[in-house]
Structures are given as structure tokens and as C-alpha cells.
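Read in order, the letters of the sequence shown are residues 1355 to 1644 in our numbering. Note that beta-carbon positions come from the ideal geometry of N, C-alpha and C, so glycine has one too. Treat the numbers as computed from the prediction; the structure is a model and nothing was measured.
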Amino acid sequence: MIVRKTDRIIIQGITGKQGTFWTERMQEYGSNIVGGVNPKKPGIVHCGVPVVESAKSAQEDIGFDISVLFIPPLGVKDAALDAIHAGAKGLVILTEHVPVKDVMYVLSAARERGVKVLGPNTAGTVTPQECFCGFMPAFNEKIFLKGSVGVVSRSGSLGTLVCLNIVQSGFGISAFIGIGGDPIIGTTTLDAVKELYEFETTDAIVIVGEIGGDMEERAADYIANLSKPICAFIAGAAAPKGKKMGHAGAIVMGNKGTYISKKRSLEKAGAFVMSTPDQVGATLKEHLKV
């Protein structure tokens, strides 16, 4: 999900500590925050915007496109469904440890209504010099200088490191999409690559993946037909089979989801797979010639 400065954004959970802090950072950066939601505090003004009791009320009273959720795990289902039924175009679900059955229900409801979902367990999305949603350090130009390299990452921290390395190498970021590391998420690697590829300012794409699942392998089938250069880093090369890693989704079963299977699939599709994140600059300059 690429969010633009014209998108109208509400914050569900705006009055909490993290909701408040990151709403202020998003506003300072240029994100178009038009309101917030807290069922217990309707009618107040917080971070300079009105707070209402529900996303439905926000749509009726203010109007919005995107909802960013700073909501505890057990409250995500109700909050997400509220936003979906209110007519949201997209949700950014930052919360981790959301019950899997709740995630499945939310994603099913979102698909029925054509709503894009980023997360759960995402660090958010950044469109440099326009806006960001979530808790990425978009305001640091050493990490998110505007440019032409699109980045999709399952990990917020690894994604930040790769963006830093890209900028240090003399390039910039067209858009960053953090898809999240949970086993079930709304936006896949393939979804993000498609959106970045079609984004007008993207000349090259960097995929930051990890062992577990088959999202990178599925994306490879699409990548094989692309004209823009692709490079990738897959974390977990030294992980033993069946070992669960840091992310909830990073578990290898049999021959699927392994480092080798992902590397082979991506390389067969024409992508250059890096062994370490700090190779991204050299890869863009020497191998991909952008």
C-alpha cells in the first residue's frame, strides 16, 4: 500500500501514548491526519484533530481513506471491521500478536469490500517527502531520502537498514512498504512488488525477505516478466530446518520456505540476491546498472 499526501487518514487509538507520539510525527512530516477514534473520548480534540467514537462516525462526520491502527491485539478485530464497514480504502495494522482467527476474519471482510490491508505486525509505509503511516523514521533523510528505489520488507528494522544503505550509496527511496512478519498478512511480497513496479517514480525494486512461507517464491513468478531491475536480501541463511526465527511467520517446513529455495526462485526470475544488506548499493550500481 502506497499512501499519498492527498489521502485522508484517521488514527484508531490516537489518544494512547504511542498513538499520540506517532500521530505528531506523521503530522510533522506531512501526512494528512484528519481525525482520531477513541470510543471513550468522543468529542475531544487531540493532536489538533477531532476524536470520535468510531470509524463509522469518522466517515460520516469527517471522511477518510486510510485508517492506522494503534490498537491492542484483542481489540484489532473490532476496530478493523469498524473501519472496513465504514468504507475505508486501506488499513495499516501495526499491532503484533493479533489472534490468527481474528486476522483471518478481518482479511476475509477486507477482501469482500476491496479494502487493502497492510499488516498485522507492520512498521508501516513511507512515501518520502509526502507522508508516512506507522512508526518508520521517515523524517530522517539519511534513511528516507526521496529517489527511485522501491523497497518491500517483511521486517521493519531490516527494511530501515536497507534504506539507510541505499541512501548512503547515493540513491533514494521512491516508496517503502513494510508488509509485516506475521504468518498471515493482508499485503504479500507479490502485492507490494506489483504496486511498487507500477508506481511512476520507481526505477528499481529491493525485496527484503526472510525464511519461512513462500511469499518470495510466489513473487518470483511475477518478477520474471518485469523490465525494472530487482535485487533481494533473504534473512536466515544459516537457520536450521524447522527452526522458528524471530518473526512469527519465519518457520521453515521441509523444502519450502528455505533460504536456498527462495534464492534459487528469485535468481531464476532474474533478480540478484545479495548475501548481506550492505551489498545493496554496490548491487544497484554494478549489477543492476541504475
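For residue i, collect the residues of the same chain with a Cβ closer than 8 angstroms to its Cβ; drop the 5 residues on either side in sequence, then sort them by chain order.
i	result
valine 1562	Val1505, Val1506, Ser1507, Arg1508, Ser1509, Leu1512, Gly1513, Val1516, Ala1586, Phe1587, Ala1589, Pro1631
proline 1393	Glu1407, Ser1408
asparagine 1386	Lys1359, Thr1360, Asp1361, Arg1362, Ile1363, Cys1485
lysine 1622	Ala1574, Ala1578
Ignore the nearest five residues each way along the sequence and tell me which others in residue i's own chain have a CB closer than 7 angstroms to its CB.
i	result
valine 1406	Gly1389, Val1391, Pro1396, Ala1412, Asp1415
glutamine 1372	Phe1424
valine 1357	Ile1420, Thr1479, Thr1481, Cys1485, Cys1487
isoleucine 1539	Gly1473, Pro1474, Ile1533
isoleucine 1364	Val1388, Gly1389, Gly1390, Val1391, Ala1409, Ala1412, Phe1418, Ser1421
aspartate 1456	Val1430, Lys1431
glutamate 1378	Cys1401
Here's a check: name, in chain order, each residue in its chain whose Cβ is nearer than 6 angstroms to the Cβ of residue i, leaving out the five neighbours to either side.
i	result
alanine 1602	Interpretation of alanine 1602 is limited by its pLDDT of 49, a score under 50 that renders its predicted location unreliable; no figure is taken from the coordinates.
glycine 1370	Phe1424
proline 1404	Gly1389
phenylalanine 1626	Cys1585, Thr1637, His1641
Using 10 angstroms around the beta-carbon of residue i, count the other beta-carbons present and answer buried if the total reaches 16, otherwise exposed.
i	result
phenylalanine 1424	buried
lysine 1470	buried
methionine 1569	buried
glutamate 1571	buried
proline 1482	buried
asparagine 1494	exposed
proline 1583	buried
glycine 1624	exposed
isoleucine 1559	buried
serine 1615	buried
methionine 1490	buried
glutamate 1382	exposed
Please tell me whether residue i has its Cβ less than 7 angstroms away from any Cβ of chain C.
i	result
alanine 1412	Absent from the structure is chain C; it holds one protein chain and no more.
Checking 7 angstroms against the spacing of the C-beta atoms, do residue i and residue j come in under that value?
i	j	result
aspartate 1419	aspartate 1361	yes
asparagine 1519	glycine 1635	yes
lysine 1496	valine 1460	no
serine 1629	alanine 1574	no
threonine 1556	leucine 1550	yes
glutamine 1366	alanine 1440	no
So does residue i have its beta carbon nearer than 6 angstroms to some heavy atom of the ligand MN?
i	result
serine 1619	Judged by which ligands are present, the structure shown has none, so any question about the ligand MN falls away.
Does the stretch 1440 to 1453 come into contact with the stretch 1466 to 1485, if we say contact requires no fewer than three beta-carbon pairs (one atom in each stretch) closer than 8 angstroms? Counting Cβ pairs under 8 angstroms, three or more are found: they touch.
Give a yes or no on contact between the stretch 1450 to 1466 and the stretch 1525 to 1544, applying the rule of three or more CB pairs nearer than 8 angstroms.
yes
Requested in this report: Take every Cβ of the stretch 1517 to 1532, pair it with every Cβ of the stretch 1491 to 1504, and state whether three or more of those distances are shorter than 8 angstroms.
Outcome: Touching, yes, given that three or more Cβ pairs across the two stretches are closer than 8 angstroms.
Task: Every unbroken beta strand (DSSP E) inside the stretch 1429 to 1466 [3 residues or more] - done: 1444 to 1447
Inter-stretch contact (C-beta, 8 angstroms, three-pair minimum) for the stretch 1461 to 1468 and the stretch 1545 to 1556: Contact fails between the stretch 1461 to 1468 and the stretch 1545 to 1556, because fewer than three Cβ pairs, one in each stretch, are under 8 angstroms apart.
| query | Can you list, in chain order, the stretches of the beta strand (DSSP E) that have 3 or more residues and sit fully within the stretch 1467 to 1496? | reply | The qualifying runs are 1470 to 1472, 1478 to 1481, 1485 to 1488.
| Curious, which full-length beta strand (DSSP E) runs of at least 3 residues does the stretch 1375 to 1419 contain? | 1387 to 1391, 1403 to 1406
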